[in-house]
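Step one of this worksheet: look at the structure below.
Number of protein chains: 2
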Amino acid sequence: MSWKIKPSPRLGAMAATKDPRPCSIADALALVGEKYSLLVLREVCLGNGRFDQLVRNIGAPRDILATRLRRLVDAGILTRCAYSERPQRFEYRPTRAGLELEPVLMTLMAWGDRHLRKDDDRPMVIEHICGNELLPVVTCSVCGDEVRHEDVSAHPQAPGWTVAGPTAA
Amino acid sequence: MSWKIKPSPRLGAMAATKDPRPCSIADALALVGEKYSLLVLREVCLGNGRFDQLVRNIGAPRDILATRLRRLVDAGILTRCAYSERPQRFEYRPTRAGLELEPVLMTLMAWGDRHLRKDDDRPMVIEHICGNELLPVVTCSVCGDEVRHEDVSAHPQAPGWTVAGPTAA
DNA sequence: ATGGTGAGTTTGAATTTCCTACTCACCGGT
DNA sequence: ACCGGTGAGTAGGAAATTCAAACTCACCAT
């Protein structure tokens, strides 16, 4: 009788490493990157924070939405405030931290408008107080210039991490 | 014998509506909002586009990563180019459209740095060509002012949609 | 008493993700 | 020629999530 000897698994091809690059993008996404979370924030920033409105406008299943809302409230991104006692009814509103995610939504929307739609059939236009349609641009807070890919360089701070990955094992 | 009469289901409390608010944020997220997709973009923008590097630096399961890469390539956000024939080896690189998502990553990172970390233990610092650390700010491309929540107003274009949801049914 | 609304919860089925291992093509050393 | 190693994935089954539809509870209006 013969057994298939278990040939020690390849050492190079392992599962997802348990310590990926430490990064605030990853951390932020762990909080608001789940399906629907950013759409909740969109609606809430539009002033539209009641449960059934969220269900309708986002198109999310009610139970999932309830889970997301709990998480966003716990994270301090939303607050749940009563807009009526007897009958008790609630409304979700962005906290300061939540409002500070709006720039993310705006740049994302601008990208979608530019790359996902042909012509000018934008489903929503944002007007700036200056009187013009808002075309959001990301700039350097110091010099004020628009940020371009070739004008920035990343410097990882965590030990063992370079821009190219962990220092050669 | 008695049957439980099926009491026609409530009309008010239905499942997720099949036509949520039309919105480029939603469309963009449908493309790049799945788990890991934006982290792929992060690595690829860092110039780090080989499969095994992505696995290590992102911490994603290999099969999921393969699926995401296919999707991003199909969407025209990444390209898969050979960096060596014999043996064939590939590398993923951002297209123009992919690079234009960098502002989203930057604002997200800045938010994470500000709200998810106490003190200044940022895992990564970005330097702008002007010589300073980059603190990205979203501004109005016309007037140049920083965009603040209270300075913008949204105008949905789709018929039947106001900022507050579908026109009263 | 009946029906309606807001804000969720429950339940079971359908999808996705995750983990571990496996493949294929090639290279480099002995 | 054989052995081990690397890059870039694929395969298969268990575990976790999502989804749709219905159900609950408290209250108000008729």
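Line by line, the protein sequences give chains A and B.
With the first letter of the first sequence counted as 1, position 116 gets the number 116 in this note's numbering; the numbers rise by one all the way through.
Counting from 1 along the second sequence, just add 1000 to a position and that's the residue number in this note's numbering.
Glycine is no exception: its CB is placed at the ideal position from the N, C-alpha and C atoms.
Backbone CA spacing between residue i and residue j [nearest angstrom]
| i | j | result |
| --- | --- | --- |
| D1171 (chain B) | E127 (chain A) | In the structure displayed, chain B extends from 1001 to 1169; residue 1171 (chain B) sits before or after that span and is not available. |
| T67 (chain A) | P1087 (chain B) | 48 Å |
| L1046 (chain B) | A82 (chain A) | 45 Å |
| A1097 (chain B) | G1076 (chain B) | 7 Å |
| D52 (chain A) | V152 (chain A) | 43 Å |
| L72 (chain A) | E102 (chain A) | 15 Å |
| F90 (chain A) | G49 (chain A) | 8 Å |
| L1116 (chain B) | A30 (chain A) | 11 Å |
| R1080 (chain B) | I129 (chain A) | 43 Å |
| G1160 (chain B) | E100 (chain A) | 29 Å |
| S84 (chain A) | Y92 (chain A) | 13 Å |
| A28 (chain A) | P20 (chain A) | 15 Å |
| A1026 (chain B) | P1156 (chain B) | 14 Å |
| A1154 (chain B) | A16 (chain A) | 41 Å |
| P61 (chain A) | A1060 (chain B) | 26 Å |
| D1119 (chain B) | D119 (chain A) | 45 Å |
| G1131 (chain B) | H1149 (chain B) | 29 Å |
| R1070 (chain B) | K18 (chain A) | 24 Å |
| A63 (chain A) | C143 (chain A) | It should be noted that the sequence gives Asp, not Ala, for residue 63 (chain A). If you take the alpha carbons of D63 (chain A) and C143 (chain A), they lie about 46 Å apart. |
| D184 (chain A) | S24 (chain A) | Given a span of 1 to 169 for chain A in the structure shown, any question on residue 184 (chain A) remains unanswerable. |
Other residues of its chain near residue i: CB distance less than 6 Å, five sequence neighbours each side excluded
| i | result |
| --- | --- |
| V138 (chain A) | V147 |
| R1122 (chain B) | D1113 |
| P22 (chain A) | A158 |
| S1002 (chain B) | Low confidence applies to S1002 (chain B): its pLDDT is 44, below 50, so where it sits in the model is not reliable, and the reading given next is rough at best. Result list for S1002 (chain B): empty, nothing under 6 Å. |
Sequence-distant residues of the same chain with beta carbon closer than 8 Å to residue i, five excluded per side
| i | result |
| --- | --- |
| E1133 (chain B) | V1125, I1126 and E1127 |
| L1065 (chain B) | Y1036, V1040, F1051, L1054, V1055 and I1058 |
| E43 (chain A) | G49, Q53, L54, N57 and I58 |
| T1095 (chain B) | G1076, I1077, L1078 and T1079 |
| R1010 (chain B) | none |
| V104 (chain A) | L38 |
Cutoff 7 Å; reference residue i; Cβ partners in own chain excluding five residues on either side
| i | result |
| --- | --- |
| A1110 (chain B) | L1135 and P1136 |
| T107 (chain A) | P136 and V138 |
| C1140 (chain B) | V1147 |
Check: residue i C-beta below 7 Å from any heavy atom of the ligand NAP
| i | result |
| --- | --- |
| D145 (chain A) | Absence of the ligand NAP from the depicted structure is noted, as is the absence of any ligand whatsoever, leaving it without description. |
Residues from the stretch 1127-1145 of chain B in contact with chain A, defined by Cβ distance under 9 Å: Cβ contacts with chain A: E1127, H1128, I1129, C1130, G1131, N1132, E1133, L1134, L1135, P1136, V1137, V1138, T1139, C1140, S1141, V1142, C1143, G1144 and D1145.
### Task
Check each residue of the stretch 1069-1083 of chain B: if its Cβ is closer than 7 Å to any Cβ of chain A, include it; give the result in chain order.
Per Cβ criterion, the list is empty.
Check whether the stretch 27-38 of chain A touches the stretch 157-167 of chain A, taking contact to mean three or more Cβ pairs, one atom from each stretch, closer than 8 Å. The answer is no - the stretch 157-167 of chain A does not touch the stretch 27-38 of chain A, with fewer than three Cβ pairs under 8 Å.
### Message
At 3 residues or longer, what runs of the beta strand (DSSP E) sit wholly inside the stretch 83-137 of chain A?
### Response
Taking only runs of at least 3 residues, the beta strand (DSSP E) segments lying wholly in the stretch 83-137 of chain A are 89-94 and 124-128.
Taking Cβ-Cβ distances below 9 Å as the criterion, which residues of the stretch 150-163 of chain A are in contact with chain B? Here the close residues are E150, D151, V152, S153, A154, H155, P156, Q157, A158, W161 and V163.
Short of 7 Å Cβ to Cβ, which residues in the stretch 101-113 of chain A face chain B?
Cβ contacts with chain B: L101, E102, P103, V104, L105, M106, T107, L108, M109, W111, G112 and D113.
task: Taking a Cβ distance cut-off of 8 Å, strictly less, list which residues of the stretch 86-101 of chain A are near chain B, in chain order.
output: Of all residues in the stretch 86-101 of chain A, A97, L99, E100 and L101 have a Cβ within less than 8 Å of some Cβ in chain B.
Ranges of the beta strand (DSSP E) found wholly within the stretch 1014-1095 of chain B, counting only runs of at least 3:
1078-1084 and 1089-1094, all fully within the stretch 1014-1095 of chain B.
Contact residues within the stretch 1015-1027 of chain B, judged by C-beta distance below 9 Å to chain A:
Against chain A - using a Cβ distance shorter than 9 Å - the residues of the stretch 1015-1027 of chain B are A1015, A1016, T1017, K1018, D1019, P1020, R1021, P1022, C1023, S1024, I1025, A1026 and D1027.
Legend entry - Residues in the stretch 50-63 of chain A having any Cβ partner in chain B nearer than 7 Å: The stretch 50-63 of chain A vs chain B, Cβ under 7 Å: Q53, V55, R56, N57, I58, G59, A60 and P61.
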